[in-house]
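Enquirer: Quick note on this note's numbering: the sequence shown kicks off at 1 and runs consecutively.
Backbone N, C-alpha and C fix where the C-beta goes; we use that ideal spot for every residue, glycine too.
Nothing here was measured: the structure is a model prediction, and the numbers come from that model.
Just dropping this structure here.
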Amino acid sequence: MTDTDTRSAMIETCLKMTAAGINQGTAGNVSVRTESGLLITPSSMPYDQMCPEDIVEMSLDGQWSGNRRPSSEWRFHRDILAARKDVSVVLHCHSVHATALACLHRSIPSYHYMVGVAGGTDIRCAPYATFGTQALSDAAITALVDRKACLLGQHGQISLGKNLDAALWMAIEVETLADMYLRALSVGEPPILPDDEMARVLDQMQRMDYGLAPNDEPAPVGAD
């Protein structure tokens, strides 16, 4: 995939976020690993107005080039990609139900076995930190240890993937799990699957590639 193709695919993913109802306005952002750093969506620009030239190229030292400024959340995109060699895409959005739980500082526990698709027995909620800060990036990195997704306290969610399709799939799944969890909480605290059962679930998922997006397979550096 060429650089232009990757940029176009990033914009398409952003539009899919809006169509899926997991993002609105100019909220949210997407980044893709490159050989020299990352590509990231620009700050404060509606997705339906973006063109490939608006996507910002960044190095891991925070330097950037292009027609527009990078997303204000570039720090956690840069830091996650630097820390997580197993992923190539970082997707952040303010999906309604995941954000509602984040406003309560509630992680998503293993009330349903599909919580395991994020890599563990829960989807953690990071403590609140001001948007765009190193403190927020540090909190996100901690919440994402051994996980493919997390919530951000009073903010939104982050989902990771080996490619754009996988990261978008994860974000939609996190939102679905958050929606179901909030519905269950409206009746009462749901029972939580024990760790030994979740260990069996995670083992089964790993052996079956269960819950992976259709294109979630190892991709070369720089691929979407």
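Provide the residue span of the beta strand (DSSP E) that contains residue 92, from first to last.
Expert: Within the sequence shown, numbered from 1, the residue matching residue 92 stands at position 92. Run containing residue 92: 89-93, per the beta strand (DSSP E) assignment.
Enquirer: Go ahead and pull the three-state DSSP assignment for residue 158.
Expert: Within the sequence shown, the letter at position 158 stands for residue 158. Here residue 158 sits in strand by DSSP.
Enquirer: Smallest Cα separation from residue 231: which of 63, 148 and 111?
Expert: What is shown of the chain runs 1 to 224, which leaves residue 231 out entirely.
Enquirer: Restricting to Cα atoms, I'd like to know which of 168, 95 and 125 is closest to residue 10.
Expert: Sequence index remark: in the sequence shown, residue 10 carries index 10 (1-based). When only C-alpha atoms are compared, the closest one is 168.
Enquirer: Taking only three categories from DSSP, how would you classify residue 81?
Expert: Residue numbering aside, residue 81 sits at position 81 when the sequence shown is read from its first letter. It is helical.
Enquirer: Express the C-alpha separation of residue 133 and residue 93 in angstroms, rounding to a whole number.
Expert: To locate residue 93, count along the sequence shown from 1; it is residue 93. To locate residue 133, count along the sequence shown from 1; it is residue 133. In a straight line, the C-alpha of residue 93 is about 17 Å away from that of residue 133.
Enquirer: Across which residues does DSSP place residue 30 in a beta bridge pair?
Expert: Here residue 30 refers to the residue found at position 30 of the sequence shown. Residue 30 is bridged to 91.
Enquirer: Count Cβ pairs between the region 76-94 and the region 29-42 that sit closer than 8 Å; are there 3 or more?
Expert: Yes, the region 76-94 is in contact with the region 29-42.
Enquirer: Within 10 Å of its beta-carbon, does residue 208 have 16 or more other beta-carbons around it, so buried, or fewer, so exposed?
Expert: Indexing the sequence shown from 1 puts residue 208 at position 208. By the neighbour-count rule (16 or more Cβ atoms within 10 Å), residue 208 is not buried but exposed.
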